[in-house]
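1 is the number of the first residue of the sequence shown in the UniProt record's numbering; add one for each residue after it. Ideal Cβ placement from N, Cα and C applies to all residues, glycine included.
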Amino acid sequence: MIELLNDDELHRVRATGHLVADILQDLRGRSVPGTNLLQIDRWAREAIEAAGAVSCYVDYAPSFGRGPFGHYICTSLNDAVLHGRPHDEVLHDGDLLSLDLAVSLQGVVADSAISFVVGDRRPPGSPELIAATEQALTAGIAAAGPGAHVGDIAHAIGTVLQGAGYRVNTQFGGHGVGSTMHQDPHVPNAGRPGRGYRLRPGLLLAIEPWVMADTDELVTDEDGWTLRSATGSRTAHSEHTVAITEDGVEVLTLPTPA
């Protein structure tokens, strides 16, 4: 299913996007050495409920998972890159943490992810890994707009990631959003320009580059959810929800203006 939002829905999703971004930035500031991943999940729940929003994750049970996700945020740590299920583990100085959050507010969804190094230590390669996904996200957003194709976004992302020396897995990537979290079209992180679905005003896309330091192969934890690099290498993930407008593209998952 592909939804095209009307002006009222686009107005409402701006509030959703700000909420997601504000929660992520708050959690980033609170994620310090000694913080438990389950505490981050509790903070996310409290913030979502205080805003009158609804988690997109708690009851989420797609074909690739093992039953409902059962938590409010994805906490992917070090070699975990996607769908990291919060569990009883404490953060340490130098850990690389990715937080992925999707909520519904007033009937429309926004989805975003950030990666950062916890504490003061900066293990070699980690800042570069994060920067590559952020730069790829910027390139993917710049390639979007009315009349562009999904392949244009995919090509822009892949060019940055592969140019930085990373291999790209296209099994999981970006996707449409709207009244639900995951919709068509699929937006892979590598592709050919001019191919795929043609973008039109009212379309919401979650664009999400992610990479693993030395592989493009994933393995799944026993929890049936958490996806890790097959080699145990570090990973990073960056994501924004954007709206295709009549004259370009609008990034929705930015913090509320001061």
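Whole-angstrom Cβ separation of residue i and residue j, contact assumed at under 8 Å?
i    : j    : result
P33  : D79  : At roughly 18 Å, the Cβ-Cβ gap does not stay under 8 Å, so P33 and D79 are not in contact.
L161 : V168 : 5 Å
I40  : L27  : 6 Å
P185 : G196 : 7 Å
G178 : L205 : With 8 Å as the limit, G178 and L205 do not qualify as a contact, their Cβ atoms being about 10 Å apart.
I141 : V13  : That pair is no contact at about 16 Å.
Given a cut-off of 8 Å on the beta-carbon distance, is the pair residue i and residue j in contact?
i           : j    : result
T16         : V90  : no
L19         : L99  : no
W210        : V81  : yes
S233        : D214 : yes
T133        : S31  : no
L96         : A236 : yes
I157        : A190 : yes
residue 265 : T159 : Within the shown structure, residues of the chain are numbered from 1 to 258, placing residue 265 beyond reach of any answer.
residue 263 : M181 : Outside the displayed range of the chain (1 to 258) lies residue 263, so it cannot be described from this structure.
Following the continuous alpha helix (DSSP H) through residue i, name the residue where it begins and the one where it ends.
i    : result
R228 : Segment 227-229 is the beta strand (DSSP E) holding R228; no alpha helix (DSSP H) there.
A50  : 37-50
Between which two residues does the beta strand (DSSP E) holding residue i run?
i    : result
Q106 : Run containing Q106: none; DSSP gives neither H nor E here.
A144 : Neither: A144 is in no beta strand (DSSP E) and is coded neither H nor E.
D184 : 183-187
T253 : Here T253 belongs to no beta strand (DSSP E), and DSSP marks it neither H nor E.
L4   : Per DSSP, L4 belongs to no beta strand (DSSP E) and is neither H nor E.
L218 : 218-220
Cβ of residue i within 7 Å of any heavy atom in the ligand HEM?
i    : result
H182 : In terms of ligand content, the structure shown is empty, and the ligand HEM therefore cannot be addressed.
May I ask you to list the residues that DSSP assigns as paired with residue i?
i    : result
E239 : A113
L82  : L227
A206 : H175, T241
V20  : Paired residues: none, contrary to the question.
S98  : S76, S115
inquiry  = Counting beta carbon pairs with one atom in the region 45-60 and one in the region 230-247, are three or more of them shorter than 8 Å?
reply    = no
query = Can you find at least 3 beta carbon pairs, one from the region 63-81 and one from the region 197-209, that sit closer than 8 Å?
reply = no
message = When you compare the region 58-69 with the region 211-230, are there three or more beta-carbon pairs, one atom per stretch, that lie closer than 8 Å?
response = yes
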